[in-house]
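In the numbering used here, the protein residues as written are 31 to 322.
Written as structure tokens, this is what we have:
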């Protein structure tokens, strides 16, 4: 099929409590149109309620909103980074790491987006790497009634020059009532819109959708460049993700996503045998045990 395929509009449920909650959109609910996104969630947290967890074979990407508290990321390779408000950290987990993320200040509210992105088979078997994009590396489009942060990728002639392991356009869009913005989705790329707040119309060359807070929609598979036009019904805030798909098999469990069941089992066994390392927590102390 050559024309743009569009998913149904889904409003994922909010899960969690006052210490941590998230609204999670999973690729399995969008008929493959999110590819290479495996999942994306809008989360808020006040403390490290999730603890350390193993990741392999995918990219784990954290983008923290400007009004958020800072978020500290720590992994079993000894990498430690404070993701300051308005910045993003891309981690290619490769052969596997154990990581932990938590507020820089206990009790402060971290507000942001977590993305899990499919990796190519070559990257699944590479060493883990990080790419940090600070606020000083993020260009913006500012017009009356419109602000677009180009966290990565490009739109409307404005480009973020940071090179990521896999192309990703991430736009954080603030649109006032009655104003509009058009992003041109490249041919054969997927696009996903996640509404943070407010209400707006999304128009494609096929139809128009009215989107509201918490709603998610995905689209893909057009052989043409597709104009996606947003028109604010109220003041609104949204994220637009766009990327070329990775059309390779994926077998996953938790935060491990490999190319075969054999590779997945090998990763799980490797984790249990310490090949990804560990992070042990005692009180406020986090001890890193490096991979064997």
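C-beta: ideal position from N, C-alpha, C; glycine also.
Worksheet item: With burial defined as no fewer than 16 other Cβ atoms inside 10 Å of the residue's Cβ, what is the status of residue 236: buried or exposed?
Response: Looking up residue 236 in the chain shown gives position 206. Exposed is the label assigned to residue 236, since fewer than 16 other Cβ atoms lie within 10 Å of its Cβ.
Item to complete: Quick one: give me the first and last residue of the alpha helix (DSSP H) that residue 296 is part of.
Response: In the chain shown, residue 296 corresponds to position 266, counting from 1. Taken as a continuous stretch (DSSP letters only), the alpha helix (DSSP H) holding residue 296 covers 291-302.
Discussion item. Can you tell me whether residue 35 is helix, strand or coil according to DSSP?
Written reply: Here residue 35 is taken as the residue at index 5 of the chain shown, counted from 1. In the structure shown, the three-state DSSP call for residue 35 is strand.
Item to complete: Would you mind working out which of 301, 251, 194 and 97 sits nearest residue 153, comparing C-alpha positions?
Response: As a working mapping, residue 153 is identified with position 123 in the chain shown. Among 301, 251, 194 and 97, the Cα nearest to that of residue 153 is on 194.
Fill in: Proximity to residue 263 [Cα-Cα], best of 36, 186 and 240
As a position in the chain shown, residue 263 is number 233, starting the count at 1. Minimum Cα distance to residue 263 is reached at 240.
Worksheet item: Roughly how many angstroms separate the alpha carbons of residue 277 and residue 288, rounded to a whole number?
Response: One-based indexing of the chain shown puts residue 277 at position 247. One-based indexing of the chain shown puts residue 288 at position 258. Approximately 13 Å, taken between the alpha carbons.
Worksheet item: Taking the Cβ atom as the reference point for each residue, do residue 185 and residue 165 lie within a distance shorter than 8 Å?
Response: Mapped onto the chain shown, residue 185 falls at position 155. Mapped onto the chain shown, residue 165 falls at position 135. No; because the gap between Cβ atoms is not below 8 Å, this pair is not in contact.
Worksheet item: For residue 201, is the classification buried or exposed, using 16 other Cβ atoms within 10 angstroms of its Cβ as the cut-off for buried?
Response: Locating residue 201 in the chain shown gives position 171, where the first residue counts as 1. That one is buried.
Worksheet entry | Inter-residue spacing [alpha-carbon to alpha-carbon] between residue 136 and residue 249 | Indexing the chain shown from 1 puts residue 136 at position 106. Indexing the chain shown from 1 puts residue 249 at position 219. Taking the Cα positions, residue 136 is about 38 Å away from residue 249.
Worksheet item: Mapping DSSP to helix, strand and coil, what is residue 92?
Response: For the purposes of this step, residue 92 is identified with residue 62 of the chain shown, where counting begins at 1. Note: residue 92 maps to strand in three-state DSSP.
Worksheet entry | Nearest-angstrom Cβ-Cβ length linking residue 82 and residue 123, presumed shorter than 8 Å | Here residue 82 refers to the residue found at position 52 of the chain shown. Here residue 123 refers to the residue found at position 93 of the chain shown. That belief does not hold up - the Cβ atoms of residue 82 and residue 123 are roughly 13 Å apart, past 8 Å.
Item to complete: Compute the distance between the beta-carbons of residue 220 and residue 182, then report whether it is under 8 Å.
Response: By 1-based counting over the chain shown, the position of residue 220 is 190. By 1-based counting over the chain shown, the position of residue 182 is 152. Cβ distance not < 8 Å, so residue 220 and residue 182 don't count as in contact.
Worksheet item: Relative to the C-alpha of residue 229, which residue among 192, 101, 296 and 267 is closest?
Response: Counting from 1 along the chain shown, the entry for residue 229 is found at position 199. Nearest C-alpha to residue 229: 267.
Discussion item. Pairs of beta-carbons, one from the segment 109-122 and one from the segment 46-61, closer than 8 Å: are there three or more?
Written reply: Per the Cβ contact rule, the segment 109-122 is not in contact with the segment 46-61 (fewer than 3 Cβ pairs under 8 Å).
Fill in: Identified DSSP bridge partners for residue 131
For this step, residue 131 is matched to residue 101 along the chain shown. Paired residue(s): 103.
Discussion item. If you reduce the DSSP assignment to three classes, tell me which class residue 236 lands in.
Written reply: Here residue 236 is taken as the residue at index 206 of the chain shown, counted from 1. The three-state reading of DSSP puts residue 236 in coil, since its state is none of H, G, I, E or B.
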